[in-house]
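Peer 1:
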Amino acid sequence: MKLILTADVANLGGPGDTVEVKDGYGRNFLLPRGLAIVATRGAQKQVDTIRRTQEGKRIRDLDHAKEVAGQIQGLGTVTVSGKAGQGGRLFGSVTPADIVAAVRSQGGPNLDKRFVAISGHIKSTGDHKVTVRLHPDVAVDLPLDVQGG
10 MKLILTADVA NLGGPGDTVE VKDGYGRNFL LPRGLAIVAT RGAQKQVDTI RRTQEGKRIR
70 DLDHAKEVAG QIQGLGTVTV SGKAGQGGRL FGSVTPADIV AAVRSQGGPN LDKRFVAISG
130 HIKSTGDHKV TVRLHPDVAV DLPLDVQGG
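The numbers in the sequence shown follow the working numbering, run straight up by one, and end at 158.
#1: What number of angstroms, rounded off, separates the C-alpha of histidine 137 from the C-alpha of arginine 69?
#2: On a Cα-Cα basis, can you pick out the residue from Thr62, Asp17 and Phe100 that is closest to arginine 42?
#3: Quick one: what does DSSP say proline 105 is sitting in, helix, strand or coil?
#4: Could you tell me whether the segment 75–88 touches the segment 112–130, using the rule of 3 or more Cβ pairs below 8 Å?
#5: Rounded to the nearest angstrom, how far is the Cβ of phenylalanine 124 from that of arginine 142, given a contact under 8 Å?
#6: Look up aspartate 136 in the DSSP assignment and say whether it is helix, strand or coil.
#7: By Cβ distance, which residues of its chain are closer than 7 Å to lysine 11, with the 5 residues on each side in sequence left out?
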């Protein structure tokens, strides 16, 4: 069975790789979990789109990580807004995807949400700090200003 992977699969490949697997493994494991799609011409176009977006988010080496860290530090405090009730409690919490979107909207680099490490849940308005881990040797503290709306 010929499949195109949509996520990293151990000992098989990464997103966008076209692989040949046994029918049972593909039908019973990869496809139901959304780790792969059946290889067709339309699916190949989807894979090209996935690869392009991941290429923009990927950190290539230590020098690139330091450059992106400088861009993040140049932003200063990043503002994230969400719905809040009385006392500044948010309805829900601030997620890494929310933080990545806020960094991008304020002119920062396009990051992968897996780079953002939040200690605990951010469920209140005010000032918070999160860590953006770009490389094993490069981590940046990012100040957040969470506002209620």
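Using N, Cα and C, we set each Cβ at its ideal position, and we do this for glycine too.
Peer 2: Inspection of the coordinates gives the following:
#1: Approximately 29 Å, taken between the alpha carbons.
#2: It is Asp17.
#3: Helix.
#4: At 8 Å Cβ cutoff, the stretches touch.
#5: Confirmed, about 6 Å.
#6: Correct three-state label for aspartate 136: strand.
#7: Counting only residues of its own chain and dropping the five nearest sequence neighbours on each side, lysine 11 has a CB closer than 7 Å to the CB of Thr27, Glu29 and Ala48.
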